[in-house]
Every structure is written in structure tokens, then in C-alpha cells.
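In C-alpha cells, the structure reads:
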């Protein structure tokens with residue numbers, strides 16, 4: 004049976020050595036993503052039931068066995084037979100540095116990481132599914148399933164049927180911030196991915212007990228640098244928190260023309276709440292981490 008160490012090494016080696024992981028264009032062979040982190044969760048973790056609640060990700064958020072058996076209807080997999088593998092792809096120091104000096108518009112490096120970086124993340128998913136399938140395992144990536152979609156309704160605001168942030172939280176990789184992003188041991192500037200494999204592996208212990216434990220505002224009542232950095236109109240405020248529709252109006256709306264005009268890229272991007280903040284590249288100083 005495959006081990007956690009072997010799975011972790013597959014992710015790490017692909018990200019570290021694949022020619023797919025490149026910035027491209029003017030940045031040539033420079034890597035898009037730094038060395039990844041990998042975590043493991045059980046398909047029977049009770050957190051998944053919480054995510055499916057109306058006050059969580061929403062009732063349409065998939066349970067691991069639900070989407071796995073949709074992909075493999077003859078498998079009849081039980082939740083406890085499934086392991087979720089989650090990974091973090093950290094932004095490079097050069098990309099983060101290029102955003103720290105910005106005050107209104109994203110840098111070219113950041114825009115490329117958003118527009119081109121997520122397709123690279125998809126290649127990680129495809130590689131893991133292909134490689135583990137060739138090894139004889141049933142495995143799938145929920146975000147690649149044709150029924151995966153982002154959602155917006157009166158209860159759910161810009162969520163999805165499989166939230167990579169919540170999956171990473173379950174796998175012990177990080178906790179949420181005031182801006183709703185995920186603070187990991189390598190910080191808040193990253194992309195996230197995951198797969199589900201039918202093999203029972205020991206889940207990683209979560210080094211926290213609450214979903215906001217590594218955020219300075221919730222832990223200490225301090226910081227809020229993300230609020231000060233946000234260029235969106237009322238997108239992130241102390242009074243109302245993260246208003247996703249206002250956030251989208253800036254990040255998906257106003258930035259598109261700027262990115263097209265200055266960088267000749269069709270896409271969008273905003274990383275102000277993830278750079279120039281204490282959690283940019285680490286768990287903030289002063290936070291106690293459970294071991």
C-alpha cells in the first residue's frame with residue numbers, strides 16, 4: 004500500500020522539477036510556485052458535515068464519499084476508506100515582493116500567478132490522478148469533475164461545491180484569516196489543490212483547534228493590515244468583514260482592463276490582502292501553534 008511519504012514526494016517532485024511550473028514570457032524559466040506543503044485528511048472527518056451546513060460552505064458542498072462515488076459508482080466507497088490529499092503552492096519571494104510596493108493595481112508577476120498559475124495547479128491535480136491511477140488506485144480530483152462549479156445564491160456568496168481552502172484546513176495545513184484566506188506555515192500567499200484516493204491513511208493532526216487560530220485579529224485583537232491594504236471599495240472592513248461581492252467587483256472587474264493594457268494578459272488578479280501583511284510568508288509572530 005502506498006504511504007503518505009510516497010504521495011507527498013510525488014507532489015513535491017512534480018512541483019519542484021516539472022517544466023510546467025514556469026512563469027513564462029519575460030520571466031522565462033523562473034518557477035511559478037515554490038516547494039509545496041502537503042497534508043492528509045480522512046474522508047470521515049466530521050468537519051465535512053459542518054461544511055455542508057447552510058452556515059458553512061452550503062448544502063451543495065460535496066462530502067468526500069459523495070463526489071468520489073459519483074466518479075466511481077461501482078466503488079461504493081465508505082468515508083473511512085478515503086483519504087484526501089491537500090497541497091499548498093506558495094508564491095515565490097519575487098512575486099510577493101513585487102506586490103508589497105503596490106497600492107492599487109496588481110503587479111505583472113501576481114497577475115501571471117493568478118492567470119497562468121492556476122492552470123499549473125490543475126496540472127498537479129492531473130498528474131497526481133494519472134500517476135496514482137497507473138499504480139492501481141481509484142483516485143479523483145473534485146475540482147476537475149465536470150459537475151464542479153462555483154456558486155452564488157442567497158445563502159452562499161462565491162463558494163463552490165469543493166472548497167480547496169476548507170479542505171486544506173481539514174488537512175491541518177492552515178487556518179482562516181480576517182480576509183477569509185488561509186494562513187499556512189508558509190503564509191497566506193498561495194494556491195491550493197487536492198485529490199481523493201481510495202486508501203486508508205492516517206490523517207494529519209491539526210495543529211490548531213479553531214478555524215481562525217493563526218489570525219492576529221482573532222487571536223490577539225490586533226493587526227488588520229489586510230484591511231488597510233485592500234484597494235476595493237468596502238470589500239474588507241472592520242465593521243463588515245470580507246464582503247465578497249465588493250471584493251469581486253474590484254478583483255474580477257476593475258483589474259481586468261489594467262492587466263490587459265499593461266501586461267497583455269486576459270484575466271484578473273488582486274493580492275493586496277496576501278502581501279505586505281504579517282502572515283504573508285509565515286504564521287504571524289506571537290501566535291501559539293499547537294503541536
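Numbering (the numbering used here), first residue to last: 4 to 294. Glycine is no exception: its CB is placed at the ideal position from the N, C-alpha and C atoms. No experiment lies behind these values; they were computed from the predicted model shown.
To which residues does DSSP link residue 87 through a beta bridge?
What you label residue 87 is simply residue 84 of the chain shown in a count that begins at 1. Partner(s): 44 and 199.
Buried or exposed for residue 289, please, with buried defined as at least 16 other CB atoms from any protein chain shown within 10 angstroms of its CB.
Stepping through the chain shown from its first residue, residue 289 is reached at position 286. By the 10 Å Cβ count, residue 289 comes out exposed.
Judging by CA-CA distance, which residue of 148, 74 and 201 is the nearest neighbour of residue 82?
Counting from 1 along the chain shown, the entry for residue 82 is found at position 79. Cα-wise, what sits closest to residue 82 is 201.
Is it true that the segment 97–116 meets the segment 38–52, where meeting means three or more beta-carbon pairs spaced less than 8 Å apart?
no
Separation of residue 173 from residue 5, as counted between CA atoms
Taking the chain shown and counting its residues from 1, one reaches residue 5 at position 2. Taking the chain shown and counting its residues from 1, one reaches residue 173 at position 170. Taking the straight line joining both Cα atoms gives about 21 Å.
Using alpha carbons as the reference points, say which of 109, 215 and 220 lies closest to residue 270.
Start at 1 with the first residue of the chain shown, and residue 270 comes out as number 267. Residue 109 is the option with its Cα nearest to residue 270.
Quick check: residue 26 and residue 40, are their CB atoms within less than 7 Å of each other?
Residue mapping note: residue 26 aligns to position 23 of the chain shown, counting from 1. Residue mapping note: residue 40 aligns to position 37 of the chain shown, counting from 1. Contact flag unset, no.
With distances taken from CA atoms, which of 135, 114, 19 and 281 is nearest residue 264?
The count along the chain shown starts at 1 and reaches residue 264 at position 261. Residue 264 has its Cα closest to that of 114, out of 135, 114, 19 and 281.
Local conformation of residue 93 per DSSP, three classes:
Translated into positions along the chain shown, residue 93 becomes position 90. Here residue 93 sits in strand by DSSP.
Going by CA-CA distance only, name the one from 165, 219 and 138 that's closest to residue 150.
Counted from its first residue, the chain shown places residue 150 at position 147. For residue 150, the closest C-alpha among the options 165, 219 and 138 is that of 165.
What would DSSP say about residue 283, mapped onto helix, strand or coil?
Here residue 283 is taken as the residue at index 280 of the chain shown, counted from 1. Of the three classes helix, strand and coil, the one that applies to residue 283 here is coil, per DSSP.
Quick one: is residue 51 buried, meaning 16 or more other Cβ sit within 10 Å of its Cβ, or exposed?
Locating residue 51 in the chain shown gives position 48, where the first residue counts as 1. That one is buried.
Cβ-Cβ distance between residue 194 and residue 120 below 7 Å:
Taking the chain shown and counting its residues from 1, one reaches residue 194 at position 191. Taking the chain shown and counting its residues from 1, one reaches residue 120 at position 117. In this structure, residue 120 lies closer than 7 Å to residue 194 by Cβ.
Rounded to a whole number of angstroms, what is the C-alpha to C-alpha distance between residue 179 and residue 91?
Here residue 179 is taken as the residue at index 176 of the chain shown, counted from 1. Here residue 91 is taken as the residue at index 88 of the chain shown, counted from 1. Approximately 14 Å between the Cα atoms of the pair.
Sequence-distant residues of the same chain with beta carbon closer than 7 Å to residue 274, five excluded per side:
For this step, residue 274 is matched to residue 271 along the chain shown. Only 102, 109, 113 and 192 meet the Cβ criterion.
Alpha carbon of residue 176 to alpha carbon of residue 28, nearest angstrom
Mapped onto the chain shown, residue 176 falls at position 173. Mapped onto the chain shown, residue 28 falls at position 25. For residue 176 and residue 28, the distance between alpha carbons rounds to 32 Å.
Applying the 10 Å Cβ sphere with the 16-neighbour rule, what's the burial state of residue 131?
Along the chain shown, one-based indexing puts residue 131 at 128. Buried: at least 16 other Cβ atoms inside 10 Å.
Go to residue 179, then tell me how far its beta strand (DSSP E) extends in each direction, as first and last residue.
As a working mapping, residue 179 is identified with position 176 in the chain shown. First-last of the beta strand (DSSP E) with residue 179: 177–179.
Let me check understanding here. Comparing Cα to Cα, which of 232, 127 and 196 lies closest to residue 277?
Sequence index remark: in the chain shown, residue 277 carries index 274 (1-based). Out of 232, 127 and 196, 232 has the C-alpha closest to the C-alpha of residue 277.
I want to check one thing, is the minimum distance from the CB of residue 133 to the heavy atoms of the ligand COA below 6 Å?
Looking at this structure, you won't find the ligand COA or any other ligand, since it has none at all.
To the nearest angstrom, report how far apart residue 19 and residue 12 are at their CA atoms.
Reading the chain shown from its first residue, position 16 is the one you call residue 19. Reading the chain shown from its first residue, position 9 is the one you call residue 12. For residue 19 and residue 12, the distance between alpha carbons rounds to 10 Å.
Can you tell me which of 216, 143, 227 and 229 puts its alpha carbon nearest to the alpha carbon of residue 196?
To locate residue 196, count along the chain shown from 1; it is residue 193. Minimum Cα-Cα distance from residue 196 among the listed residues 216, 143, 227 and 229 corresponds to 143.
Straight-line CA distance for residue 205 to residue 217?
The residue given as residue 205 occupies position 202 in the chain shown. The residue given as residue 217 occupies position 214 in the chain shown. One C-alpha to the other measures close to 24 Å.
Suppose you measure from the CA of residue 247 to the CA of residue 209; what does that come to, to the nearest Å?
Mapped onto the chain shown, residue 247 falls at position 244. Mapped onto the chain shown, residue 209 falls at position 206. Each residue's Cα considered, the two are about 27 Å apart.
Unbroken stretches of the beta strand (DSSP E), 3 residues or longer, contained in the segment 229–292
none
For residue 162, which of helix, strand or coil comes out of DSSP?
Along the chain shown, one-based indexing puts residue 162 at 159. Three-state DSSP puts residue 162 in a strand.
Relative to the alpha-carbon of residue 24, which residue among 42, 125 and 79 has its alpha-carbon at the smallest distance?
On the chain shown, residue 24 is found 21 positions in, with the first residue counted as 1. The option with the nearest alpha carbon to residue 24 is 125.
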